[in-house]
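Note sheet for the following structure.
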Amino acid sequence: MNKAERYKRLVEYFTKNMPVAESELDFKNTYELIVAVILSAQCTDKRVNMITPAFYKNFPTVEVLANSTIEEVFSYIKTCSYPNSKAEHLVGMSKMLVKDFNGIVPSEVDELLKLPGVGRKTANVIASVAFNKPVMAVDTHVFRVAARIGLTTNANNPLETEKQLVKNFPKDKIATAHHWLILHGRYVCIARKPKCNECGLTEICLYYNKIKKK
Numbered sequence: 274m275n276k277a278e279r280y281k282r283l284v285e286y287f288t289k290n291m292p293v294a295e296s297e298l299d300f301k302n303t304y305e306l307i308v309a310v311i312l313s314a315q316c317t318d319k320r321v322n323m324i325t326p327a328f329y330k331n332f333p334t335v336e337v338l339a340n341s342t343i344e345e346v347f348s349y350i351k352t353c354s355y356p357n358s359k360a361e362h363l364v365g366m367s368k369m370l371v372k373d374f375n376g377i378v379p380s381e382v383d384e385l386l387k388l389p390g391v392g393r394k395t396a397n398v399i400a401s402v403a404f405n406k407p408v409m410a411v412d413t414h415v416f417r418v419a420a421r422i423g424l425t426t427n428a429n430n431p432l433e434t435e436k437q438l439v440k441n442f443p444k445d446k447i448a449t450a451h452h453w454l455i456l457h458g459r460y461v462c463i464a465r466k467p468k469c470n471e472c473g474l475t476e477i478c479l480y481y482n483k484i485k486k487k
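Dropping the structure here:
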């Protein structure tokens with residue numbers, strides 16, 4: 274099976290078995306999304322979703338957040354990983370949005386990357402989820418699953434994985450494929466002991482066919 278066929282079969286499988294694939298972060302608008310995604314760095318979505326209701330209530334708009342202090346923000350996110358740096362990033366991000374973007378979260382990755390606390394993965398998540406841009410955010414799940422199945426070849430870093438996935442997925446499927454791979458990695462193709470007996474992709478998976486069958 275060549276790579277093109279592998280992508281084709283994967284898209285067919287998830288289109289049938291996971292037609293709705295969305296972020297597991299709770300948010301109602303783009304402002305809330307960027308807050309949640311910044312908080313989610315090296316933190317579970319479940320933990321972020323426990324933090325954000327009170328955060329959104331006390332900082333309901335980007336303008337309110339921009340007028341807050343790092344110490345005040347910290348008090349609401351202290352149970353998250355790296356709360357000190359994230360508090361600083363959230364306040365800095367909101368101030369830049371108000372000052373340079375009229376309080377509106379930009380849709381382009383290059384513009385998003387200018388914001389404090391927004392790296393490439395975060396920018397791609399926002400562009401993909403909020404604006405349906407054909408970009409691929411690569412987290413540990415996407416990186417692992419893509420390599421195991423055989424969607425990528427010799428991709429040694431997230432950027433190389435991103436480039437290969439964007440090149441090979443149909444453009445109109447890229448935003449959804451991001452969630453397919455994350456959710457598959459989170460619940461089935463887990464890091465330490467993948468649940469191959471529960472996976473519907475074993476027929477096309479290089480890991481399963483090369484390693485698990487030995």
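Numbering-wise (our numbering), the sequence shown opens with residue 274 and increments by one. Even for Gly, the Cβ is constructed at its ideal location relative to N, Cα and C.
Where residue i falls, given that 16 or more other Cβ within 10 Å makes a residue buried
| i | result |
| --- | --- |
| D508 | Lying before the first or after the last residue shown, residue 508 is absent from the chain, which here runs from 274 to 487. |
| R421 | buried |
| P379 | buried |
| T434 | buried |
| I377 | exposed |
| A277 | exposed |
| Q315 | exposed |
| L456 | buried |
From the options, residue whose alpha carbon lies closest to that of residue i
| i | options | result |
| --- | --- | --- |
| R417 | E381, S367, L479 | L479 |
| E381 | K372, G390, N397 | N397 |
| N357 | I311, L424, I377 | I311 |
| V371 | L338, K351, K394, I350 | L338 |
| V415 | R320, L363, F332, W453 | W453 |
| I350 | P333, S367, M323 | M323 |
| G390 | A403, F404, K359, M369 | K359 |
| K228 | K394, L438, D445, N429 | Any answer about residue 228 is impossible in this case: the structure gives the chain only from 274 up to 487. |
| L313 | E344, A294, K394, E336 | The amino acid occupying residue 313 in the given sequence is Ser; Leu does not appear at that position. The shortest Cα separation from S313 among E344, A294, K394, E336 belongs to K394. |
Alpha carbon of residue i to alpha carbon of residue j, nearest angstrom
| i | j | result |
| --- | --- | --- |
| K250 | I399 | The structure shown does not extend to residue 250, since the chain is modelled only from 274 through 487, so no value can be given for it. |
| Y355 | I484 | 37 Å |
| T426 | F347 | 41 Å |
| N430 | G423 | 15 Å |
| L298 | R320 | 10 Å |
| A448 | A403 | 10 Å |
| A419 | Y304 | 30 Å |
| F332 | N470 | 45 Å |
| K368 | V461 | 40 Å |
| T317 | M409 | 19 Å |
Three-way DSSP call (helix, strand, coil) for residue i in this model
| i | result |
| --- | --- |
| L424 | coil |
| K394 | helix |
| M409 | coil |
| C478 | coil |
| I463 | coil |
| L298 | coil |
| Y304 | helix |
| C469 | helix |
| N331 | helix |
| S348 | helix |
Chain C within 8 Å of residue i, Cβ atoms only
| i | result |
| --- | --- |
| A327 | The structure shown has no chain C; it contains just one protein chain. |
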